[in-house]
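Asks: I'd like to ask some things about the structure below.
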Amino acid sequence: PHAYQAAVDLGVLYVNPRFKRRAYTETEAIDQCMFRIIDVVDPLDETKEVILRLEHEVRAVVTRDGKKYKSYPLFEIQV
Numbered sequence: 001p002h003a004y005q006a007a008v009d010l011g012v013l014y015v016n017p018r019f020k021r022r023a024y025t026e027t028e029a030i031d032q033c034m035f036r037i038i039d040v041v042d043p044l045d046e047t048k049e050v051i052l053r054l055e056h057e058v059r060a061v062v063t064r065d066g067k068k069y070k071s072y073p074l075f076e077i078q079v
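Position 70 of the sequence shown, counted from 1, bears residue number 70 in the working numbering, the numbering being contiguous throughout.
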C-alpha cells in the first residue's frame with residue numbers, strides 16, 4: 001500500500017487499457033497484486049518534472065491473504 005500511495009501522491013499512477021488486469025484503486029491494486037506507473041520523477045524535486053517516461057509494472061510479493069504470489073521468482077519470501 002505504501003508504494004501505491006507514493007505513486008498516487010507523485011501523480012505517476014497509470015492504467016493501461018490494453019491489459020485485462022487494471023488497478024484504478026488501492027483495493028484493486030492489492031487484489032491484482034500489481035499496479036503500473038508511467039513517469040519516473042525525483043520525489044525530492046518540488047516540480048516533479050518527468051525524468052523519463054516509461055511504463056513499469058510494480059508487483060507484490062504476497063497476495064492479499066499473505067501467500068507468496070505465483071510470479072515471485074524465489075522459493076521463499078526473504079525478510
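Every residue, glycine too, gets a C-beta built ideally from N, C-alpha and C.
Since this is a predicted model, take the numbers as computed values, not measurements.
1. Taking Cβ positions, are Arg59 and Cys33 nearer each other than 8 Å?
2. Measure the CB-CB distance between Ile51 and Val41 and report whether it falls below 8 Å.
3. Suppose you measure from the CA of Pro17 to the CA of Lys70; what does that come to, to the nearest Å?
4. Quick one: what's got a C-beta closer than 7 Å to Leu88's C-beta in the same chain, skipping five residues either side?
5. Are the CB atoms of Arg22 and Val15 nearer to each other than 8 Å?
Replies: Result, derived from the coordinates:
1. Within the sequence shown, the letter at position 59 stands for residue 59. Within the sequence shown, the letter at position 33 stands for residue 33. Yes, the Cβ-Cβ distance between Arg59 and Cys33 is below 8 Å.
2. Taking the first residue of the sequence shown as 1, we reach residue 51 at position 51. Taking the first residue of the sequence shown as 1, we reach residue 41 at position 41. Their beta carbons are under 8 Å apart, which means Ile51 touches Val41 by this criterion.
3. Taking the first residue of the sequence shown as 1, we reach residue 17 at position 17. Taking the first residue of the sequence shown as 1, we reach residue 70 at position 70. The C-alpha of Lys70 is placed about 23 Å away from the C-alpha of Pro17.
4. Nothing about residue 88 can be reported from this structure: the residues present for the chain run from 1 to 79 only.
5. Against the sequence shown, residue 22 aligns to sequence position 22. Against the sequence shown, residue 15 aligns to sequence position 15. Cβ distance < 8 Å, so Arg22 and Val15 count as in contact.
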